[in-house]
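Participant: Protein chains in written order, with numbering that gives the first Met the number 0: chain A, 0 to 250; chain B, 0 to 321.
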Amino acid sequence: MPETHPILQTVDLTKAFGMVRAADRITVQIAQGELVGIVGANGSGKTTFLNLVTGYLTPDHGRILIMGQDSTGLPPRLVTRLGLARSFQIPQLYTSLSVLENVLLALAAQARKSTGFWKPLYRRQWLEEGMEILARFGLTPYASRSVAELPEGGRKLLDVGLSFALQPRVLLMDEPTSGVSIEEKFQVMDTLVGVLQQSHMTTIFVEHDMDVVQRYSQRVLVFDNGEVVADGAPNTVLAAPEVRRAVLGRE
Amino acid sequence: MAQRFPLAGLLAAGLFVIAPFVVPGWVLFLLTVALAKFMVVLAVALFLRGGLVTFGHALFYAVGAYTAGFGSKWFGAREAVLLVPVGVLLGALVAALLGLFMARYRGVFFSMLNLALSMILYAILLKFYWVTGGTDGISVRTPTLLGFVPPRDALRLLYYYFTLVIAGAVTYAVHRFLASPLGFFLKALADNEIRIEYSGASVQRVLYSTYVLSGALGGLAGVLVAFAVGHIVPEYAFWLQSGEFVFIALLGGYSSVPGPLIGAIAFEFIRTYANKYAPYAWQMTLGIIMLLIILLQPGGLWAMYEGVASRFRRRAEGVWHA
Chain A
0 MPETHPILQT VDLTKAFGMV RAADRITVQI AQGELVGIVG ANGSGKTTFL NLVTGYLTPD
60 HGRILIMGQD STGLPPRLVT RLGLARSFQI PQLYTSLSVL ENVLLALAAQ ARKSTGFWKP
120 LYRRQWLEEG MEILARFGLT PYASRSVAEL PEGGRKLLDV GLSFALQPRV LLMDEPTSGV
180 SIEEKFQVMD TLVGVLQQSH MTTIFVEHDM DVVQRYSQRV LVFDNGEVVA DGAPNTVLAA
240 PEVRRAVLGR E
Chain B
0 MAQRFPLAGL LAAGLFVIAP FVVPGWVLFL LTVALAKFMV VLAVALFLRG GLVTFGHALF
60 YAVGAYTAGF GSKWFGAREA VLLVPVGVLL GALVAALLGL FMARYRGVFF SMLNLALSMI
120 LYAILLKFYW VTGGTDGISV RTPTLLGFVP PRDALRLLYY YFTLVIAGAV TYAVHRFLAS
180 PLGFFLKALA DNEIRIEYSG ASVQRVLYST YVLSGALGGL AGVLVAFAVG HIVPEYAFWL
240 QSGEFVFIAL LGGYSSVPGP LIGAIAFEFI RTYANKYAPY AWQMTLGIIM LLIILLQPGG
300 LWAMYEGVAS RFRRRAEGVW HA
């Protein structure tokens, strides 16, 4: 029964920094096509979870399975190759290159051509794919501009676009709207969720804005002190008083 | 830039081709050495693009030079068409070996480990004098070109063209390299290693590949200079030599291929004139020049040229406003 594997599964995932348990026996399963929001107060272990799952941190205990394949202990590069990509709270971009070049490098990495030293990076197939990706994320006007000229909302979109270009099975987004103005927030989320749903990409996003989670996720995981304290549909989960207390720190 | 290159590039190539008929012999010799050194400076410039400084590429330069030296001294070989590829290969091989280790380091460690490795070679060249000639060095016999022994007068000219052809090929190859995924990843390395790893690409592999290429370029430069100069000494591996390469890369500008070439030529001229007119203030001259470059033109001489060229272009297009 190979196809019944959850696309991402963690078993008893645990990580401590000194006395602080940043991840405490996290056991979750994410199925193909789900759109999952992770909420929690600052320091509740949301980003630690992303860092563990993507291999940036190694867990003290527990296992991570990507489509049934054990990825525990693998570095980010190999986790990415298993089909799990992530974006960052603070966009991680190549700031001395153009917007299009950033995407082209993602495509080159995806094609396993990162050490190709003879054929140009600007090749027709990648240019077409790259421009198509930029169009999806509404970044076409910026294609040949330097990344330094992008507004913050555009940087966030490009950061996700670079991960999207890798055609992952699962995309993890760390606070996709942080640093974006309130007016832009929903616009950015509309674009992101639109693109990802259209390509049926399983998506997990970390967010501390309850409104954003309420509006965009189909399932919510609530983190508190490194533990998953609630898991379910946004309407029921986010209405629970203990959840509001955990996330907002008040009732 | 893309459209401009063929014209400016052809013009430059044309100048190099006719140079022997215009300039005196000593300038031709100087140009030959500059063209050869240009290749190792290019290697250093590649790393500068990636945000890394190497103070040890004299190592590969010496590997190349001693390829010519040992060929001459121990194997009775002086065929340039044979020894030049051997120098490239040995440079690449040594880099392939050391790169396994060097590709793990960045920043100060990368700089200083390169320096340390080159100084180990320097010590070996110095101490094993029965093999290497020690401080006396090795006399490199005049090269033959495909078995042809050029007459004395023609040698300088022929060897200039030989070096020029190779420099042309290297220019083309490195141009392609810089436009390739690897070339861009190298530049991206200075920006964001995290993103490279999270793209499923390997930072180490990018560095390692570049390191091997840089070793090949260093070996090439060394073997060519050894033939041009005719005598080699352990100082070829000394850290001051590595520092000179970094100096030249900064002088010419490291963000393009022509930068190191202009830098290498300018440097040889500066050295010659400084030796002639101010032999005791040679280091001070270099210091002042570096100071001026960093303060006034951090992109190097090439950036200075580009600035002027683009101003002229804009004026020609009628959009220039003073």
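We put the beta carbon where it would ideally sit given N, CA and C, even for glycine.
Relative to the alpha-carbon of A/P5, which residue among A/M18, A/F16, A/F48, A/T26 has its alpha-carbon at the smallest distance?
Facilitator: A/T26
Participant: For a contact meaning CB atoms closer than 8 Å, what does A/P175 contact in chain B?
Facilitator: Using a Cβ-Cβ cut-off of 8 Å, A/P175 is close to nothing in chain B; its nearest Cβ partner there is about 15 Å away.
Participant: Using CA coordinates, which residue listed in A/Q8, A/R24, A/V38 is at the minimum distance from A/P233?
Facilitator: Ranking the options by Cα distance to A/P233, first place goes to A/V38.
Participant: At what residues does the alpha helix (DSSP H) containing B/R175 begin and finish?
Facilitator: 151–178
Participant: Looking at C-alpha atoms only, which residue of B/A308, B/Y207, B/L82 is the closest neighbour of B/F46?
Facilitator: B/Y207
Participant: If you reduce the DSSP assignment to three classes, tell me which class B/E78 lands in.
Facilitator: strand
Participant: List, in chain order, every chain B residue whose beta-carbon is nearer than 7 Å to that of A/Y93.
Facilitator: Correct list: A187, D190, N191, R194.
Participant: Counting along the chain, where does the alpha helix (DSSP H) carrying B/M38 start and finish?
Facilitator: 24–48
Participant: Please classify B/P259: is it buried, with 16 or more other beta-carbons within 10 angstroms of its beta-carbon, or exposed?
Facilitator: buried
Participant: From the DSSP secondary-structure annotation, give me the bridge partner or partners of A/L34.
Facilitator: A/T202
Participant: Pull the bridge partners of A/Q28 from the DSSP assignment, please.
Facilitator: Per DSSP, the beta bridge partners of A/Q28 are A/Q8.
Participant: Hey, which unbroken runs of the alpha helix (DSSP H) at 4 residues or more fall wholly within the stretch 220–273 of chain B?
Facilitator: 238–251
Participant: So with CB distances below 7 Å, who are the chain B contacts of A/G178?
Facilitator: Annotation: A/G178 has no Cβ neighbours in chain B at a cutoff of 7 Å; minimum Cβ distance is about 17 Å.
Participant: Determine the direct distance from the alpha carbon of B/R312 to that of B/W319, and round the result to whole angstroms.
Facilitator: Because the pLDDT of B/W319 is 44, which lies under 50, any placement of that residue in the model is unreliable, and the number read from its coordinates should be weighed accordingly. B/W319 and B/R312: Cα-Cα distance of roughly 9 Å.
Participant: So, A/P90 versus A/R154, is the Cβ gap smaller than 8 Å?
Facilitator: yes
Participant: Starting from A/F163, trace the alpha helix (DSSP H) both ways and give me its first and last residue.
Facilitator: 151–163
Participant: Any idea if B/I119 is buried or exposed, counting beta-carbon neighbours within 10 angstroms, 16 or more meaning buried?
Facilitator: exposed
Participant: With a CB to CB cut of under 6 Å and the five nearest residues on each side skipped, what residues in its chain are close to B/F127?
Facilitator: none
Participant: Would you give the residue range spanned by the alpha helix (DSSP H) that B/A308 belongs to?
Facilitator: 299–315
Participant: Let me know the secondary structure DSSP gives B/Q2 once reduced to three states.
Facilitator: Any answer about B/Q2 is weak, because its pLDDT of 46 lies below 50 and its placement is not dependable; what the coordinates show is given next. B/Q2: coil per DSSP, three-state reduction.
Participant: What is the DSSP secondary structure of A/T3, counted as helix, strand or coil?
Facilitator: helix
Participant: Which chain A residues are close to B/P233, counting only those with a beta carbon under 9 Å from its beta carbon?
Facilitator: Near B/P233 there are no residues of chain A at all, since even the closest Cβ is about 33 Å away, more than 9 Å.
Participant: Suppose the cutoff is 8 Å on Cβ atoms and the five residues either side in sequence are ignored; what does the same chain contact list for A/P58 look like?
Facilitator: For A/P58, where only same-chain residues beyond five positions count, the Cβ hits under 8 Å are L12, T13, K14, A22, L51, T71.
Participant: Considering only residues of the same chain and omitting the five flanking positions on each side of A/G137, which have a CB-CB separation below 8 Å?
Facilitator: L156, T190
Participant: Is the beta carbon of A/V212 sitting closer than 8 Å to the one on A/G82?
Facilitator: no
Participant: For the beta strand (DSSP E) that A/V52 lies in, which residues bound it at each end?
Facilitator: First-last for A/V52: 45–52, but that is the alpha helix (DSSP H), not the beta strand (DSSP E).
Participant: Can you tell me which of the three DSSP states A/V192 falls into?
Facilitator: helix
Participant: Which residues, in order along the stretch 196–211 of chain B, keep a beta-carbon less than 7 Å from a beta-carbon of chain A?
Facilitator: E196, Y197, S198, G199, A200, S201, R204, V205, S208
Participant: So with CB distances below 7 Å, who are the chain B contacts of A/T79?
Facilitator: Y197, S198, G199
Participant: If you measure between the beta carbons of B/S213 and B/A94, is that distance less than 8 Å?
Facilitator: A Cβ-Cβ contact shorter than 8 Å links B/S213 with B/A94.
Participant: Can you tell which of B/Y65, B/G167, B/P180, B/R48 has its C-alpha closest to the C-alpha of A/R111?
Facilitator: Comparing Cα positions, the closest option is B/P180.
Participant: Would you list, in chain order, the members of the stretch 31–65 of chain B that have their beta-carbon closer than 8 Å to a beta-carbon of chain A?
Facilitator: none
Participant: So which residues on chain A does B/L181 lean against when the C-beta distance must stay under 8 Å?
Facilitator: S113, T114, G115, F116
Participant: With a threshold of 8 Å on Cβ separation, who are the neighbours of B/R194 within its own chain once the five nearest residues in sequence on each side are excluded?
Facilitator: A187
Participant: In whole angstroms, what separates the C-alpha of A/L64 from that of B/V85?
Facilitator: 49 Å
Participant: Who are the Cβ neighbours of B/F176 in its own chain at under 6 Å, not counting the five residues just before and after it?
Facilitator: G182
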